[in-house]
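J.:
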């Protein structure tokens, strides 16, 4: 410490950059971590699909049939999954947690 300065004069200011998820507002120091989070963020509407829904039920063991891949899947809300296509932006979607 310089004897001519006070402790208040020695304090340095600096700016830092944070990367924030636009859906849940969680922030990250690394852009790569933020991008990884956004890809799986439960509050992102495009992630509201069957595989992330609490109502989605996969039979045990999962179907390995490539012709009828949806034959072992069902939805607790009554959405028809027999055609093998999974829904995205489903109005019945419920968070797993």
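Residue numbers (our numbering): 415 to 511.
Every residue gets a Cβ at the ideal spot worked out from N, C-alpha and C, and that includes glycine.
Just so it is clear, the structure is predicted and the values come from calculations on it, not from any experiment.
1) Could you tell me if residue 467 is buried or exposed, where buried requires 16 or more neighbouring beta carbons within 10 angstroms of its beta carbon?
2) Hey, could you find the ends of the beta strand (DSSP E) residue 508 is sitting in?
3) May I have the straight-line CA-CA distance separating residue 508 from residue 433, to the nearest angstrom?
4) Leaving out five residues on either side along the sequence, give the residues of the same chain with a beta carbon under 6 Å from the beta carbon of residue 456.
5) In chain order, what residues of the same chain lie with their CB nearer than 7 Å to the CB of residue 461, ignoring the 5 residues before and after it?
6) Identify the residues that DSSP records as bridge partners of residue 471: which are they?
7) From the DSSP output, in three-state form, read off residue 445 for me.
T.: Looking at the atomic coordinates:
1) In the chain shown, the residue the question calls residue 467 occupies position 53. Per the 10 Å Cβ criterion, buried.
2) For the purposes of this step, residue 508 is taken as residue 94 along the chain shown, with counting starting at 1. In the DSSP assignment, residue 508 falls outside any beta strand (DSSP E), carrying neither H nor E.
3) Against the chain shown, residue 508 aligns to sequence position 94. Against the chain shown, residue 433 aligns to sequence position 19. Using only the alpha carbons, I get a separation of about 27 Å.
4) As a first step, residue 456 must be located in the chain shown, where it is residue number 42. Around residue 456: 509.
5) For the purposes of this step, residue 461 is taken as the residue at position 47 of the chain shown. Its chain contains 454, 455 as the residues whose beta carbon lies nearer than 7 Å to that of residue 461, once the 5 sequence neighbours on both sides are disregarded; these appear in chain order.
6) Here residue 471 refers to the residue found at position 57 of the chain shown. Within the DSSP secondary-structure output, residue 471 pairs in a beta bridge with 488.
7) The count along the chain shown starts at 1 and reaches residue 445 at position 31. DSSP places residue 445 in helix when its eight states are reduced to three.
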